[in-house]
Amino acid sequence: MSPPILRTWALTRTYRRGQVPVPVLDGVDLEVGPGEWVAILGPSGSGKSTLLNILGLLDQPDAGVYQLAGQNVSDIGDTRRAEIRNRYIGFVFQRFNLLARTTALENVAAPPALPGHPALRAPRARQGRPGPGGPGRSSRPRPR
Ligand SMILES: Nc1ncnc2c1ncn2[C@@H]1O[C@H](COP(=O)(O)OP(=O)(O)OP(=O)(O)O)[C@@H](O)[C@H]1O
Ligand SMILES: [Mg+2]
1 MSPPILRTWA LTRTYRRGQV PVPVLDGVDL EVGPGEWVAI LGPSGSGKST LLNILGLLDQ
61 PDAGVYQLAG QNVSDIGDTR RAEIRNRYIG FVFQRFNLLA RTTALENVAA PPALPGHPAL
121 RAPRARQGRP GPGGPGRSSR PRPR
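Sequential numbering from 1 applies to the sequence shown in the working numbering.
Structure follows, in structure tokens:
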């Protein structure tokens with residue numbers, strides 16, 4: 001069997017409201033195999049988004065270990081986290097988090113337009129230039 005793509009051991013996350021600790025994750029062990037589809041279920045406020053924010057490298061656990069594709073990503077720096085997010089992770093947020101000044105299509109196309117995104121490598125090599133804004137930018141005027 002292939003090794004897990006996601007693996008966590010004893011993840012904890014506690015928020016603070018002023019002086020008051022709000023414990024949300026209390027020792028989450030999780031294993032997800034390559035190609036496996038997983039749904040995280042629970043009542044509102046049970047910590048689904050908290051866990052997904054950590055799995056998506058938007059937030060860090062207070063304690064525990066998170067291994068993504070065999071690499072320990074629990075305590076890596078912001079730049080490396082951003083690189084991994086850019087390459088390997090896609091989000092559909094609960095709130096839309098769209099860039100207000102671009103079209104829906106440009107929003108969808110935005111991540112691959114970031115430097116270093118794997119989706120850009122082949123076209124860039126063929127065209128021989130990076131193209132500011134990437135392939136998501138249309139030269140046609142945008143309907144208003
Ligand atoms: N930044 C924060 N600061 C303090 N408390 C927070 C913060 N974010 C979330 N919480 C609290 O942590 C708990 C878990 O929130 P979370 O958003 O992870 O739940 P959820 O399972 O995703 O809920 P929903 O189904 O409503 O999306 C809730 O009690 C929430 O009020
Ligand atoms: Mg949520």
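Every residue gets a Cβ at the ideal spot worked out from N, C-alpha and C, and that includes glycine.
Contact test: residue i Cβ vs ligand 1 heavy atom, cutoff 8 Å
{"i": "Thr50", "result": "yes"}
{"i": "Val24", "result": "yes"}
{"i": "Pro43", "result": "yes"}
{"i": "Gly56", "result": "no"}
{"i": "Gly47", "result": "yes"}
{"i": "Arg16", "result": "yes"}
Best match in the options for proximity to residue i [C-alpha to C-alpha]
{"i": "Ala10", "options": "Gly47, Tyr66 and Gly42", "result": "Tyr66"}
{"i": "Pro111", "options": "Ile89, Phe96 and Arg101", "result": "Ile89"}
{"i": "Met1", "options": "Glu36, Gly18 and Thr12", "result": "Glu36"}
{"i": "Gly64", "options": "Ala82, Asp26, Pro115 and Lys48", "result": "Asp26"}
{"i": "Pro3", "options": "Arg81, Arg85, Ala109 and Gln71", "result": "Gln71"}
{"i": "Pro61", "options": "Thr12, Thr8 and Arg7", "result": "Thr12"}
{"i": "Leu58", "options": "Pro115, Phe91 and Val38", "result": "Phe91"}
{"i": "Pro115", "options": "Thr102, Ala82, Ala100 and Gln94", "result": "Ala82"}
Same chain, Cβ closer than 6 Å to residue i, five either side skipped, listed in chain order
{"i": "Pro23", "result": "Thr14"}
{"i": "Val73", "result": "Tyr66"}
Residues that residue i bridges to, as DSSP identifies them
{"i": "Pro23", "result": "Thr14"}
{"i": "Ala119", "result": "None, per the DSSP bridge assignment."}
{"i": "Glu31", "result": "Arg7"}
{"i": "Ala63", "result": "Thr12"}
Spatial distance of residue i from residue j (CA atoms)
{"i": "Arg87", "j": "Val28", "result": "25 Å"}
{"i": "Thr17", "j": "Asn53", "result": "Looking at the sequence shown, residue 17 is not Thr but Arg. Rounded to the nearest angstrom, the two C-alpha atoms are 19 Å apart."}
{"i": "Gly128", "j": "Asp78", "result": "Reliability fails at Gly128, whose pLDDT of 49 lies under 50, so the model's placement of it is uncertain and the value that follows must be treated cautiously. Approximately 30 Å between the Cα atoms of the pair."}
{"i": "Ile84", "j": "Phe96", "result": "22 Å"}
Residues near residue i in its chain [Cβ-Cβ closer than 7 Å; skip 5 each side]
{"i": "Ala69", "result": "Ile5"}
{"i": "Lys48", "result": "Ile40 and Gly42"}
Residue i CB to nearest heavy atom of ligand 2 below 8 Å
{"i": "Gln60", "result": "no"}
{"i": "Gln94", "result": "yes"}
Below-9 Å beta-carbon distance, residue i vs any chain D residue
{"i": "Thr50", "result": "Looking at the structure shown, chain D is missing, and only one protein chain is on hand."}
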